[in-house]
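Here's the structure, in C-alpha cells; my notes come after.
Number of protein chains: 4
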Amino acid sequence: MSAIRVGVIGAAGRMGREVVKAVESVDDLELVAALRRTDRLESLTRAGVQVAVELTHPDAVMDHLEFCVRNGIHGVVGTTGWTDERLNTLRGWLAASPRTGMLVGPLSVGAVLTMRLARYAARWFESVEVVEMHHPDKADAPSGAAVRTARLIAEARREAGRAAQPDATTAALAGARGADVEGVPVHAVRARGLVAHQEVIFGGTGETLTIRHDSMDRVCFTPGFLLGVRRVGSVPGLTLGLESFMDLD
Amino acid sequence: MSAIRVGVIGAAGRMGREVVKAVESVDDLELVAALRRTDRLESLTRAGVQVAVELTHPDAVMDHLEFCVRNGIHGVVGTTGWTDERLNTLRGWLAASPRTGMLVGPLSVGAVLTMRLARYAARWFESVEVVEMHHPDKADAPSGAAVRTARLIAEARREAGRAAQPDATTAALAGARGADVEGVPVHAVRARGLVAHQEVIFGGTGETLTIRHDSMDRVCFTPGFLLGVRRVGSVPGLTLGLESFMDLD
Amino acid sequence: MSAIRVGVIGAAGRMGREVVKAVESVDDLELVAALRRTDRLESLTRAGVQVAVELTHPDAVMDHLEFCVRNGIHGVVGTTGWTDERLNTLRGWLAASPRTGMLVGPLSVGAVLTMRLARYAARWFESVEVVEMHHPDKADAPSGAAVRTARLIAEARREAGRAAQPDATTAALAGARGADVEGVPVHAVRARGLVAHQEVIFGGTGETLTIRHDSMDRVCFTPGFLLGVRRVGSVPGLTLGLESFMDLD
Amino acid sequence: MSAIRVGVIGAAGRMGREVVKAVESVDDLELVAALRRTDRLESLTRAGVQVAVELTHPDAVMDHLEFCVRNGIHGVVGTTGWTDERLNTLRGWLAASPRTGMLVGPLSVGAVLTMRLARYAARWFESVEVVEMHHPDKADAPSGAAVRTARLIAEARREAGRAAQPDATTAALAGARGADVEGVPVHAVRARGLVAHQEVIFGGTGETLTIRHDSMDRVCFTPGFLLGVRRVGSVPGLTLGLESFMDLD
C-alpha cells in the first residue's frame, strides 16, 4: 500500500513543526507539501496532496478549507474558533464534493476520552460539575472543550431522566457557583504555569468520581492528528472530533 | 408486581443498618428478615426470603451462602476476603442449584465505573499506574479493588498489543516503584483521615488522564446493593461485581 | 496541676457528643457540665465551669456567650454565622470583663494550616485562585473559610506589592471566572458525596503549587477544640481562629 | 550600583538558553560570558565574571567549580547528581577561599516552598506520605527532591516527639507501601506525559492536608536562578537550596 500524501498548511508554527516531524517519522504517511504563511495554496494540488492538515488561525482557515474541498483534498483541522455558522458553511461546501472528508475539533486522545468517559458516567450520579484550568493568556472562559463536555453530560442526564442537580445555595457571591451550561456548573481557573487541564467531578451518595485531563504539551495532539490523517479519507463529509475514528465501542 | 422479599444477614452491623434502612425506604423491596449474630439461618426460609444480603465477615460467610444456595435463596454478598478457592467452592454449590444467583464483590457504582472507565482507556496510553489511598487500619496493601483494576488494565493492554511500559529507572530505593501487578505498578498510601480512594493515572505523549474514585462514606454502597437485590434473581450462577448489572454498554 | 473544669453547651448534638467524648478521654480536662437544649445556663456557674465550649446555633449563641462573659467563664465557640457586628458586640462584653478569653472560628488544625501556608506562599506567585468543594446542602457560596483564605492571600499580595493577577479573558460566560474576593477568584463546587474541601492554586512561570485541605469527618475538629480549651484561659479578650494558639512561628 | 557580571557555563543547553535570556532581560545583571562545551574556563576570568551559573552535567561540574572557587568566582549550580562526598570536596575548596559563595540545589521557588511548607506542617499530623511523579526517562526513584522532603519531614517529626506512623498492614505485595525514608513512605510514579510533580499528603483524625508542586516547564527555575545570582556573592561558603535566600521567616 502506498503512503498517504500529506500537506501541512501552517507548517512553520509551533504545532505545524510538531506535525511535520510526526508525519516524517512514520512510514505510511509522506509529507509532500509544507506551506508557510506566504506560500500559495496551489502547491497543495501541484504536489498531489491527498490529506491537508490545517494549522493556521480563524481568520484564514475558511479560505484554506474552501480551496481543499473544491479540489477534493481531505482535511484534518486543528485551528479553533468554530461557530455553528462556520460549520454550516463547511457542510455546504462538502455537500458539493460528496467524496471529500473533513475532521474538525478536539484531536487529543485524552480530551476525546475525557468527554467520552464523562458522558458514560453521567447518568449514574446525582451531581456533576466541570472545573477547567488554563494559562492566563486564554481569551475565552470556559474553554470550548469544557462547554462541549458539559453539554454532552447534560444530554446524557436528560436521556436518563435525571432531575436537576441538588443545590441548597441561598447566599452566594456573584460568580461563585460558576457558569451554567445546560444545568451543569462550569468553573474556569486561570493561572500562570498552567497549560490546559480539565476536571469533571461526579458526586453520588457517599462517593465522588473525578475524571481529569492534563495537557502538558501541544505534542499531545500529534497522535490524534496522525490518526485523523489516516482515517479522514474514508469518511466523507464533516466529522466533529476524533471520537468516531477511535473505535471506542 | 409484588415486592421482592429480602433478608439481611448481619443486620446489626454498620453496613447492615444502612442496607436495612435502604430496603425499607423503597416500594419494590420488602424486608422480611433481619438477622443478628445469634439468629439462626432458618429464619430466612421461614420468612420466605427470596434474596439475602450477606454482610458478616470472612469466617462466617461461606456457611451462610451454602445455606442460601441449598435453599434456593439468591445472594448479594458485601463481605470481602474472597480467594479463587472460595469462589470455586461457591461455584460448585451453585452448579447444584442451577436457578440460584449470587452477586459477589465491588458494589459501589463509583468503584465499578472506575474499573470500567480504566479498562476502556487502557489501550490508548503508553503508561499507567494505580495509586490507592486508605485509612491506616487496613490490613492489605494494595486493596483488592486496586489489584483488580490493575489486572483489568493489564488485560486490556495485552489485548491491544501494547508493549511493556517505559521506565528508565536504574537506581531505586526498594519499594519506590510500587508493587508490580501484571506489569502495572500499584502504590498504596495509608494515612489517618483517609477513607477509601483510588487513582488511575494514564500517560501518553504530552498528556495524562486520571480517573479518581473517592469513597467518603459506606453509604455509597447502598445504591449498588439495591441494584444487586433487584437483579440477582434473574441471573443464575455466580456474578463477580456489579458491572454486568449496570447496562454499561 | 488540677484539671480544667469544662462545660459543653449543646452536648447532645453530633459535634457536642464528639467533644464530650474527647474531653472525657484526656486527663488534664474534666467535664463538669453537659448542657442540652432545655438545660439552664446556671448549671455552668453551679458546676464551677472554667471553660465553656459553645456548639449550638447562630440564634442562641449570643445569649450563651453573654452569660459566660458576665460570669467570667472563658469560651471556645464552634458555632458559625459570625458577622462583624456580632464580633463587635462580643468585644464589648469582653472589654467589661478583662480577664475572660473567647476563641471563635476555624478550629480544625488542617483548616488553620491551609490558611497559614497559603498566606505564606502568596507573595511568591503571580497567580492564585481558590476552589472550595462542599456537599450540596450548604447554604452559602463560597464558604466562609474560602473567603477568609482569599482575603489573607490578597492582604499578603498587597503587602508584597504584587500587581493584579494576569487574566486575558475577553469572552466569558457569566460566573465562569468565579467570585472576586479582593482580586482573588474563588470558585464553589457543590456535589453530593463531597464533605468539605478547599484547594488553593498558586501559579508562577512554569510551575504551580497547590495546597488542599479535605475534611472528611467532623471529628477533625476535636483536636482543635482541646487545644482551644487548654489555652483560652490564658489569652484574655477575643481570639479569631486557632492559629495564634498553635505556636506556628 | 553597577550590575553583577554573570557568566553561564553550559549556555547552549536548553536550561542554559533560558538563563541567558533571563539574565539579559534584567538591568541589575550583565551577561559577560556564555560558555559552550568547547570554550575554555579562562574566558570567565578574562571577562571579569563575578558569579558563574553552572548548567552542564555531573561529569564536568566538579572541574568547573574548582576553577571558579580558585579564582574567587561565586557559583549558582543547577547541575544535579550531588553526593555527600562531592559536597564535602566542594566545602574543602571553599574553606581555602573564605570569601567565595556557592549555591547548590533546588532552585525552583515552588520546590523550595513545598519543602518548607511540608516541614512546617509535619508536626501537626499523625500520618504523612510522599508521592512524586515524573516522566519515564528519569533514572532515579524516588527523586532527590522527594527524598530530601521526606528527610525534612522526618526530622520535624522527631523534633516534635511524634511517634511512628500508624500502619496496620499485615499482608502486602512487595513494594506496595513505597520506599521507607526515615519512616516516611515515598512512592515514585513514572508515566509518559508527566513532567515533574510532587505531592505530600498529611493525615490526621478526619482530615488530610495535601501540598502539591507541579513543574510543567524548566523555565520555572529561572526566577530561582536570578535570585541566587543576586544573593550568592554576599553569602560565603556552601549554601544548599534556595531557601535561605528567600527570607521565608
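Chains as they are written, first to last, in full-length UniProt numbering: chain V, 1 to 249; chain Z, 1 to 249; chain W, 1 to 249; chain G, 1 to 249. Each residue gets a CB set at the ideal place from its N, CA and C atoms; glycine is no exception.
### Task
Give a yes or no on whether the minimum CB-CB distance between G/Arg190 and chain Z is below 7 angstroms.
Position 190 of the fourth sequence, counted from the first residue, corresponds to residue 190 of chain G. True, the Cβ-Cβ gap to chain Z drops below 7 angstroms.
### Message
Which residue wins for smallest C-alpha separation from V/Ser108, given the options V/Thr89, V/Gly78, V/Gln50?
### Response
On the first sequence, residue 108 of chain V is found 108 positions in, with the first residue counted as 1. The option with the nearest alpha carbon to V/Ser108 is V/Gly78.
### Task
Out of G/Ala156, G/Ser215, G/Ile211, G/Gly13, state which residue places its alpha-carbon closest to the alpha-carbon of G/His135.
Here residue 135 of chain G corresponds to residue number 135 of the fourth sequence, with the count starting at 1. Taking only the C-alpha atoms, the option nearest G/His135 is G/Ser215.
### Query
Listing by chain order, which chain V residues have their CB less than 7 angstroms from the CB of Z/Leu113?
Here residue 113 of chain Z is taken as the residue at index 113 of the second sequence, counted from 1. Result: Ala121, Trp124, Leu209.
### Message
Suppose you measure from the CA of W/Glu126 to the CA of W/Ala60; what does that come to, to the nearest Å?
### Response
Counted from its first residue, the third sequence places residue 126 of chain W at position 126. Counted from its first residue, the third sequence places residue 60 of chain W at position 60. Cα to Cα, the separation comes out at about 44 angstroms.
### Task
Using the Cα positions of W/Ala168 and V/Ala122, report the straight-line distance between them to the nearest angstrom.
In the third sequence, residue 168 of chain W corresponds to position 168, counting from 1. In the first sequence, residue 122 of chain V corresponds to position 122, counting from 1. Cα-Cα distance, rounded: 32 angstroms.
### Message
Using 8 angstroms as the cut-off, can you tell me whether the stretch 68-86 of chain W makes contact with the stretch 223-239 of chain W, which would need three or more C-beta pairs spanning the two stretches below that distance?
### Response
A contact exists between the stretch 68-86 of chain W and the stretch 223-239 of chain W.
#### Entry: Exposure of G/Arg177, with buried meaning 16 or more beta-carbon neighbours within 10 Å
The residue given as residue 177 of chain G occupies position 177 in the fourth sequence. Residue environment analysis places G/Arg177 among the buried positions, since at least 16 neighbouring C-beta atoms fall within 10 angstroms of its C-beta.
### Neighbourhood of G/Asp27 by C-beta distance below 8 angstroms, restricted to the same chain and skipping five residues each side
As a first step, residue 27 of chain G is located in the fourth sequence; it is residue number 27 there, counting from the start. If we look at G/Asp27 and ignore the five residues flanking it on each side, its Cβ neighbours are Ala3.
### Backbone secondary structure at residue 251 of chain G - three-state DSSP
Absent from the structure is residue 251 of chain G, since the part of chain G shown begins at 1 and ends at 249.
### Task
Return the bridge partner residues of V/Met15 from the DSSP annotation.
Locating residue 15 of chain V in the first sequence gives position 15, where the first residue counts as 1. Looking at the DSSP assignment, V/Met15 forms no beta bridge with any residue, so it has no partner.
### Message
On the DSSP bridge list, what partners appear for G/Glu132?
### Response
For this step, residue 132 of chain G is matched to residue 132 along the fourth sequence. BP columns for G/Glu132 point to G/Ala188, G/Gln198.
### Query
If we cut at 7 angstroms on Cβ distances, does Z/Thr45 have a partner in chain G?
Indexing the second sequence from 1 puts residue 45 of chain Z at position 45. Chain G, which has no Cβ nearer than 7 angstroms to the Cβ of Z/Thr45, makes this no.
### Task
Decide yes or no for the touch test of the stretch 178-196 of chain V against the stretch 142-150 of chain V: beta carbon pairs closer than 8 angstroms, at least 3 of them.
As far as the Cβ criterion goes, the stretch 178-196 of chain V touches the stretch 142-150 of chain V, which means the pair count is three or higher.
### Query
Less than 7 angstroms separating the beta-carbons of V/Glu30 and V/Thr222?
On the first sequence, residue 30 of chain V is found 30 positions in, with the first residue counted as 1. On the first sequence, residue 222 of chain V is found 222 positions in, with the first residue counted as 1. Cβ distance not < 7 angstroms, so V/Glu30 and V/Thr222 don't count as in contact.
### Three-state secondary structure (DSSP) of V/Thr205
Locating residue 205 of chain V in the first sequence gives position 205, where the first residue counts as 1. It is coil, neither helix nor strand.
#### Entry: Helix, strand or coil at Z/Glu126 according to DSSP, with G and I counted as helix
In the second sequence, residue 126 of chain Z corresponds to position 126, counting from 1. Coil at Z/Glu126, not helix or strand.
#### Entry: Exposed unless 16 or more other CB atoms sit within 10 angstroms - verdict on W/Thr170
In the third sequence, counting from the first residue as 1, residue 170 of chain W sits at position 170. Answer is exposed; the Cβ neighbour count stays below 16.
### Query
How many angstroms separate the CA atom of V/Ala118 from the CA atom of W/Asn71?
As a position in the first sequence, residue 118 of chain V is number 118, starting the count at 1. As a position in the third sequence, residue 71 of chain W is number 71, starting the count at 1. The alpha-carbon atoms of V/Ala118 and W/Asn71 are separated by roughly 58 angstroms.
### Task
Put Z/Asp84 into one of helix, strand or coil per three-state DSSP.
If you number the second sequence from 1, residue 84 of chain Z lands on position 84. Note: Z/Asp84 maps to helix in three-state DSSP.
### Task
Identify, in the order they occur along the chain, each residue of the same chain with its Cβ nearer than 6 angstroms to the Cβ of V/Ala12, setting aside the five sequence neighbours on each side.
Taking the first sequence and counting its residues from 1, the one referred to as residue 12 of chain V is at position 12. Its chain contains Arg36 as the residues whose beta carbon lies nearer than 6 angstroms to that of V/Ala12, once the 5 sequence neighbours on both sides are disregarded; these appear in chain order.
#### Entry: Collapsed DSSP secondary structure at G/Arg212 in the structure displayed
Taking the fourth sequence and counting its residues from 1, the one referred to as residue 212 of chain G is at position 212. Of the three classes helix, strand and coil, the one that applies to G/Arg212 here is strand, per DSSP.
### Query
For V/Pro201, which residues in chain W fall below 7 angstroms Cβ to Cβ?
Residue mapping note: residue 201 of chain V aligns to position 201 of the first sequence, counting from 1. It is Ile, not Pro, that sits at residue 201 of chain V in the sequence shown. Going along chain W in sequence order, the residues near V/Ile201 (Cβ under 7 angstroms) are Val189, Ala191.
### Task
Determine, using beta carbons only, whether Z/Ala191 and G/Gly203 come nearer to each other than 7 angstroms.
In the second sequence, the residue the question calls residue 191 of chain Z occupies position 191. In the fourth sequence, the residue the question calls residue 203 of chain G occupies position 203. Yes, the Cβ-Cβ distance between Z/Ala191 and G/Gly203 is below 7 angstroms.
### Query
Hey, is W/Arg46 close to the ligand MG, as in C-beta under 6 angstroms from one of its heavy atoms?
Inclusion of the ligand MG in the displayed structure is not the case, the ligand content being empty and no account of it being possible.
### Query
Where does G/Ala34 fall in DSSP's three states?
Residue numbering aside, residue 34 of chain G sits at position 34 when the fourth sequence is read from its first letter. Of the three classes helix, strand and coil, the one that applies to G/Ala34 here is strand, per DSSP.
### Query
For V/Ala141, which residues from the same chain have a beta carbon less than 6 angstroms from its beta carbon, with the 5 sequence-adjacent residues on both sides left out?
Numbered from its first residue, the first sequence carries residue 141 of chain V at position 141. The answer, listed in chain order, is Ala188.
### Query
Comparing alpha-carbon positions, which option in V/Ser244, V/Thr208, V/Thr205, V/His197 lies nearest W/Thr208?
The residue given as residue 208 of chain W occupies position 208 in the third sequence. Out of V/Ser244, V/Thr208, V/Thr205, V/His197, V/His197 has the C-alpha closest to the C-alpha of W/Thr208.
### Query
For G/Met102, does the three-state DSSP call read helix, strand or coil?
In the fourth sequence, counting from the first residue as 1, residue 102 of chain G sits at position 102. DSSP, reduced to helix, strand and coil, places G/Met102 within a strand of the structure shown.
### Task
Going by CA-CA distance only, name the one from V/Trp124, V/Lys138, V/Glu132, V/Val131 that's closest to V/Gly161.
In the first sequence, the residue the question calls residue 161 of chain V occupies position 161. Answer by Cα proximity: V/Trp124.
### Query
Name the chain Z residues that come within less than 8 angstroms of G/Val186, Cβ to Cβ?
The residue you call residue 186 of chain G lines up with position 186 of the fourth sequence. Per Cβ cutoff of 8 angstroms: Leu173, Ala176.
### Query
Are the CB atoms of V/Val23 and V/Ala47 nearer to each other than 7 angstroms?
Locating residue 23 of chain V in the first sequence gives position 23, where the first residue counts as 1. Locating residue 47 of chain V in the first sequence gives position 47, where the first residue counts as 1. No, these two residues do not count as a Cβ contact at 7 angstroms.
### Query
Is the CB of V/Glu85 under 7 angstroms away from at least one CB in chain W?
In the first sequence, counting from the first residue as 1, residue 85 of chain V sits at position 85. Not an interface residue.
### Contacts around W/Leu240, its chain only, beta-carbon distance under 7 angstroms, and the 5 residues preceding and following it disregarded
As a working note, residue 240 of chain W is residue 240 in the third sequence. Cβ within range, chain order: Val104, Gly105.
### Nearest candidate by alpha-carbon position, reference Z/Pro166, set Z/Ser143, Z/Ala139, Z/Thr205
Position 166 of the second sequence, counted from the start, is the residue given in the question as residue 166 of chain Z. Taking only the C-alpha atoms, the option nearest Z/Pro166 is Z/Thr205.
#### Entry: Min CB distance residue 278 of chain Z to chain W below 7 angstroms
Lying outside 1 to 249, the shown extent of chain Z, residue 278 of chain Z is not represented and no answer is given.
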